[in-house]
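S.K.: Supplied in structure tokens, the structure appears directly below.
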Amino acid sequence: MTQQIDRQRRPRAATALGWLLIVQGLLALAIFGALLAVLLAVQTGALVVDLAKLSDPADRGPVLLSAGAGLAGVFSLVSGVGLLRLQAWAWLLALITQGVLLLVALIDYWLGSPDYLTLALGVVQVYLLNRSDVQQAIRAAGPHTAEALPSPPAAVPEPTDAV
Amino acid sequence: MSPLTDADLALVRRFEPVLAFTHGEQFYPMDVERYIAAAALCVRRPDGAVTVLVPRGELTVERLIEPRTVAPGSILYLHFVKPFGAAQALAFRSSSSLHTFRPGRGRLARVGLISRLGDMLFFAASVVRGRTPGGAAAAAAVRYQAEQAHDEHYCYYARVVRQHGYLAIQYWFFYAFNDWRSSFDGVNDHEADWELVTVYLDDGPEGPPRPVWLAYSSHEFRGDDLRRRWDDPDLRRVGEHPVVFVSAGAHANYFFAGDYLPSVPLPYADRLLPIWQQAQRIWQRLLGQPAAEPARSVGLLAIPFVEYARGDGLRVGSEQAKEWRARFLQATPGHPEPPWLDSFRGCWGLVTGDPLAGEDGPARPKYHRDGTLLDYWYNPVGWCGLDAVPPPHRERDALEERLAQIRHAVAEQSAQVERQVWARMALERELLVLRGLPDMAWRAARVAADLRAMNKSLAAQKLQLAASEQAIRPLERAVAWPGGLSPGDPRAHLRSPQLPFTPAEVRLSALAEGWSAVSVSVVLLGTVVLSLLNLRWQIGLLAMFGIYTFVEALFHRRVARLVQALVTALALVAAAVLAYTFARPLAVALLLGLGVLVVVDNLRKLRR
């Protein structure tokens, strides 16, 4: 029943956004898993790599990349599910996640190794997150969620004098 | 100008406002004769040279209005007082009520960095662009207060005008000095100040005039937001006397007590407004992004200033500690019009040569500084947008007039449609005949084209006619309604009225206030240090502004809004990068899509 109501009042943009985040999260987790597997295999000696190519054993790049992908995956997945349930915290979490991903992707682009997929996904998701119908649906979903969303300023606040 | 009758004088007295001042105010409405007696008459030539025509202490109204010949481009002005030195001014400040005036917490924290920088630049610019000397406010206050000690009275200048079915009672208030900048951290100081409160009465043929609207002057603002309906439940009144909250130093008039944040737009900012509005339309309509209030000014290009209209000081008017002395700007039974009103075309206070004119004395109540008539004077109903609202006794007339206009238009449109229908029938018959004649096929094609064009135009005309006819019924009902139209929401005309700060906005911590006091200097010093270090200073500058913005958002409880703005900005940059990188494939894809669409559409038509 609750699911039915949610589906009725959830705009299509919110549904698309939720699924997009889930897919993005799963992809990131898959990358995280693959990287982790490779790292473990190298550590345990199951995978033999050319040591000359690993010139700096202290290089934490692959570890950081793996951790970043894992975090992004978890956050995307959680915010995607939260958005399908029209939770305000999920909206903010999705926004922050996309902000961080976009920033990293833009720095990568600046440094000459562009990640156009992340850029494109970020643009689409920020567009959907900013849509007024998505924000209205989340605001309408419950009073406990309203605070997390920035609301427009009141047009005519009440006067404060006591004459 | 027609002389006032006894009935007009009674109305002036009946609705005279109560002025509620702020604690710390030094100047109250006075009569101009006392000001003139204390002032010198000077002339400033276009080259900036100043000549004293009548020295201080020798000026009278008669000498003021004597015919004078001055060089073209020169400005006549009154110069009220010789400024005090710094020590005298400080001594005055510590002994006056200014000493106990408290600006209140959050005075600086309420505005952002841009505004604080603007404020600083504005202040710095005033040093070079001409300003009322420091110490002038203190000298003027001492002089004015000495006059009051000798003969204390408070006066307004009334004027009654009948225009567009309204009877407008203007209450003009003359102050010896505007000390907004020097005493209350405002925009400007200048000698002499004229402000206005207007009560609008419904001037119908039946029954006595009754109050319907109020309008208060506030800086150079104009339009609907400056007026309130008499039955507005928010309005404060003492009997039939509206209460006006006068801002400290600036003497702008407000409907409610409190601290305000009026914005002074920068020169030429309005030219950017259409571009800004277009961007806002694209953002909201095309991209479906959240709607905001339609922009009426480019926010970043206006400098907001805090203004205090608390009503916790002296009150003048009916049932208050101090009473009014009424003076008039028109002839009254037994008294002529004041001679200075028409004959003195100069400024009432020192002219400093400030190109923005903010520090120059005004030429009101009738004129601008350049000698042209002031809209308050010749358009007493229109300056606050009231000339778009019929007075209650003419509401029905206005409706009937509109109804007659629409009926006339409907009759004309109806006849036009009838003519068009008849012409189309004739064309249709011609086409029928021509279709049977193979040698006249060329003519048939032309007639068919004419018919198609006529069908289109006829459909549009019929739609217009139907819309006009549809408007008649509700108007007829409104005209026939026995009690007249419902007045509706008294605040419906307001778009962006000046309102005092809400308690939530004032709830800023002492830490926020402290931060605001030092932040501009920190940013400026930080910029200098970074540029001297020459080590990745761009990143440092960016980081500094980032930290600054975050702290500001934290104090104003706008972190979520800040995150949204930052992420949206990143997305816009990313979109620009993608558009730049994939411009060619995008264009190809667009053309390909269009091509496919056209082919599919044509195939569908073929199958039909």
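Listed in order, the protein sequences are those of chains L and F.
Using the working numbering, you'd call the opening residue of the first sequence number 186 and step up by one each time.
Using the working numbering, you'd call the opening residue of the second sequence number 1326 and step up by one each time.
Cβ coordinates follow ideal geometry from the N, Cα and C atoms, glycine included.
Since this is a predicted model, take the numbers as computed values, not measurements.
1. Could you tell me if Q272 of chain L is buried or exposed, where buried requires 16 or more neighbouring beta carbons within 10 angstroms of its beta carbon?
2. For K1647 of chain F, which three-state DSSP category applies?
3. Should Q1655 of chain F be labelled buried (16 or more other beta-carbon atoms within 10 Å of its own) or exposed?
4. Compare the C-beta of Q1889 of chain F against all C-beta atoms of chain L and say whether one is closer than 8 Å.
5. I1607 of chain F by DSSP, collapsed to three states: which one?
6. Which word fits E1632 of chain F, buried or exposed, when buried means at least 16 other C-beta atoms lie within 10 angstroms of its C-beta?
7. With Q1495 of chain F as the anchor, note down where its beta strand (DSSP E) starts and where it stops.
8. Expressed to the nearest angstrom, what Euclidean distance is found between the alpha-carbon atoms of L1887 of chain F and L313 of chain L?
9. For L1903 of chain F, which option in L:Y301, L:V319, L:R316 and L:I216 has the closest C-alpha, if you only look at C-alpha atoms?
10. A1899 of chain F CB to nearest chain L CB: under 8 Å?
11. Check whether the segment 1363-1375 of chain F and the segment 1397-1408 of chain F are in contact - that is, three or more C-beta pairs closer than 8 Å.
12. Just to make sure I have the definition right: I need the residues of chain B whose C-beta is within less than 8 Å of the C-beta of T1893 of chain F. Which are they?
13. E1516 of chain F: which of F:A1474, F:P1910, F:P1536 and F:R1456 sits nearest, CA to CA?
14. Tell me where the beta strand (DSSP E) around R1535 of chain F begins and ends.
15. What's the C-alpha gap between F1630 of chain F and N1513 of chain F?
16. Is the CB of L1911 of chain F under 8 Å away from at least one CB in chain L?
17. What is the rounded straight-line gap between the Cα of M1779 of chain F and the Cα of V1772 of chain F?
18. Mind listing which residues of the segment 290-301 of chain L have their C-beta closer than 9 Å to chain F's C-betas, in chain order?
19. From which residue to which residue does the alpha helix (DSSP H) around W1747 of chain F run?
20. Hey, could you find the ends of the beta strand (DSSP E) Y1479 of chain F is sitting in?
21. Can you name the residues of chain F whose CB is closer than 7 Å to the CB of L280 of chain L?
22. Output, in chain order, the set of chain F residues within a Cβ distance shorter than 8 Å of G307 of chain L.
23. Name the DSSP beta bridge partners of N1578 of chain F, please?
24. How about G365 of chain L and I216 of chain L: are their beta carbons less than 8 Å apart?
25. Let me know the secondary structure DSSP gives D1685 of chain F once reduced to three states.
26. Measuring straight from C-alpha to C-alpha, what distance separates S240 of chain L and W295 of chain L?
27. Out of curiosity, what's the CA-to-CA distance linking L1783 of chain F and L1756 of chain F?
28. Within its chain, find whatever has a CB closer than 6 Å to the CB of V1641 of chain F; leave out the 5 residues flanking it on each side and keep chain order.
29. Please work out which residues of its chain come closer than 8 Å, Cβ to Cβ, to P1825 of chain F, disregarding the five sequence neighbours upstream and downstream, and give them in chain order.
30. If you draw a straight line from the C-alpha of D1764 of chain F to the C-alpha of V1758 of chain F, how long is it?
31. Apply the 10 Å Cβ neighbour rule to G1696 of chain F and answer buried if 16 or more other Cβ atoms are within range, or exposed otherwise.
32. For F1498 of chain F, collect the residues of the same chain with a Cβ closer than 6 Å to its Cβ; drop the 5 residues on either side in sequence, then sort them by chain order.
33. In this structure, does DSSP put I1390 of chain F in helix, strand or coil?
34. DSSP has R1554 of chain F in a bridge; who is on the other side?
35. Measure the C-alpha to C-alpha separation of A1890 of chain F and L224 of chain L and round it to an integer number of angstroms.
36. What would DSSP say about E1662 of chain F, mapped onto helix, strand or coil?
M.R.: Looking at the atomic coordinates:
1. Numbered from 1 along the first sequence, position 87 holds the residue referred to as residue 272 of chain L. Result: buried.
2. Residue 1647 of chain F sits at position 322 when you count from the first residue of the second sequence. K1647 of chain F falls in the strand class under three-state DSSP.
3. Your numbering for residue 1655 of chain F matches position 330 in the second sequence. Residue environment: Q1655 of chain F is assigned as buried (16 or more neighbouring CB atoms within 10 Å of its CB, all protein chains considered).
4. One-based indexing of the second sequence puts residue 1889 of chain F at position 564. Interface annotation, Q1889 of chain F: in contact with chain L, CB-CB separation under 8 Å.
5. Locating residue 1607 of chain F in the second sequence gives position 282, counting from the first residue. DSSP places I1607 of chain F in helix when its eight states are reduced to three.
6. Start at 1 with the first residue of the second sequence, and residue 1632 of chain F comes out as number 307. Answer is buried; the Cβ neighbour count reaches 16.
7. Here residue 1495 of chain F refers to the residue found at position 170 when the second sequence is read from its first residue. Segment Y1491 to N1503, the beta strand (DSSP E) holding Q1495 of chain F.
8. As a first step, residue 1887 of chain F must be located in the second sequence, where it is residue number 562. As a first step, residue 313 of chain L must be located in the first sequence, where it is residue number 128. Within the model, the alpha-carbon separation for L1887 of chain F versus L313 of chain L is close to 18 Å.
9. Numbered from its first residue, the second sequence carries residue 1903 of chain F at position 578. Of the candidates L:Y301, L:V319, L:R316 and L:I216, the one whose C-alpha sits nearest the C-alpha of L1903 of chain F is L:Y301.
10. For this step, residue 1899 of chain F is matched to residue 574 along the second sequence. Any Cβ of chain L closer than 8 Å to the Cβ of A1899 of chain F would place that residue at the interface, and such an atom is present.
11. Segments in contact, yes.
12. Structure shown: chain B not included; protein chains present are L and F.
13. As a working mapping, residue 1516 of chain F is identified with position 191 in the second sequence. For E1516 of chain F, the nearest C-alpha among the options comes from F:R1456.
14. Residue 1535 of chain F sits at position 210 when you count from the first residue of the second sequence. Boundaries of the beta strand (DSSP E) harbouring R1535 of chain F: R1535 to Y1541, taken from the DSSP string.
15. Here the question's residue 1630 of chain F lines up with position 305 in the second sequence. Here the question's residue 1513 of chain F lines up with position 188 in the second sequence. The C-alpha of N1513 of chain F is placed about 11 Å away from the C-alpha of F1630 of chain F.
16. Translated into positions along the second sequence, residue 1911 of chain F becomes position 586. Using a CB distance cut-off of 8 Å, L1911 of chain F does not count as an interface residue toward chain L.
17. The residue labelled residue 1779 of chain F in the question sits at position 454 within the second sequence. The residue labelled residue 1772 of chain F in the question sits at position 447 within the second sequence. Cα to Cα, M1779 of chain F sits roughly 10 Å from V1772 of chain F.
18. Result list: A290, L291, Y294, P299 and Y301.
19. Along the second sequence, read from residue 1 onward, the residue named residue 1747 of chain F stands at position 422. W1747 of chain F -> alpha helix (DSSP H) spans P1717 to R1760.
20. For the purposes of this step, residue 1479 of chain F is taken as the residue at position 154 of the second sequence. Residues Y1479 to Q1488.
21. Position 95 of the first sequence, counting from 1, holds the residue named residue 280 of chain L. Simply V1888, Q1889 and V1892.
22. Here residue 307 of chain L is taken as the residue at index 122 of the first sequence, counted from 1. Neighbours of G307 of chain L on chain F, chain order: L1895, A1896 and A1899.
23. In the second sequence, the residue the question calls residue 1578 of chain F occupies position 253. Answer is F:V1571, bridged to N1578 of chain F.
24. The shown model of chain L, from 186 to 348, leaves out residue 365 of chain L, and the question about it has no answer.
25. Here the question's residue 1685 of chain F lines up with position 360 in the second sequence. D1685 of chain F falls in the coil class under three-state DSSP.
26. As a working mapping, residue 240 of chain L is identified with position 55 in the first sequence. As a working mapping, residue 295 of chain L is identified with position 110 in the first sequence. Caution is warranted here: a pLDDT of 49 is assigned to S240 of chain L, below 50, making its placement in the model unreliable, and the coordinate value is therefore given only provisionally. One C-alpha to the other measures close to 25 Å.
27. Residue 1783 of chain F sits at position 458 when you count from the first residue of the second sequence. Residue 1756 of chain F sits at position 431 when you count from the first residue of the second sequence. Whole-angstrom Cα-Cα distance: 18 Å.
28. Translated into positions along the second sequence, residue 1641 of chain F becomes position 316. The beta carbon of V1641 of chain F sits closer than 6 Å to those of L1344, Y1479 and K1647, all from its chain and outside the five residues before and after it, given in chain order.
29. Position 500 of the second sequence holds residue 1825 of chain F. So the qualifying residues of the chain are Y1579, F1581, A1582, G1583, D1584, Y1585 and A1634.
30. The residue labelled residue 1764 of chain F in the question sits at position 439 within the second sequence. The residue labelled residue 1758 of chain F in the question sits at position 433 within the second sequence. Their Cα atoms are separated by approximately 12 Å.
31. The sequence position of residue 1696 of chain F within the second sequence is 371, counting from 1. When all chains shown are included, G1696 of chain F counts as exposed.
32. For this step, residue 1498 of chain F is matched to residue 173 along the second sequence. The beta carbon of F1498 of chain F lies closer than 6 Å to those of P1354, Y1481 and E1520 in the same chain, with the five residues before and after it left out.
33. Along the second sequence, one-based indexing puts residue 1390 of chain F at 65. Coil.
34. Stepping through the second sequence from its first residue, residue 1554 of chain F is reached at position 229. Note: R1554 of chain F is bridge-paired with F:W1538 in the DSSP secondary-structure output.
35. Here residue 1890 of chain F refers to the residue found at position 565 when the second sequence is read from its first residue. Here residue 224 of chain L refers to the residue found at position 39 when the first sequence is read from its first residue. When only Cα atoms are considered, A1890 of chain F and L224 of chain L end up about 38 Å apart.
36. Counting from one through the second sequence, the residue named residue 1662 of chain F turns up at place 337. Of the three classes helix, strand and coil, the one that applies to E1662 of chain F here is coil, per DSSP.
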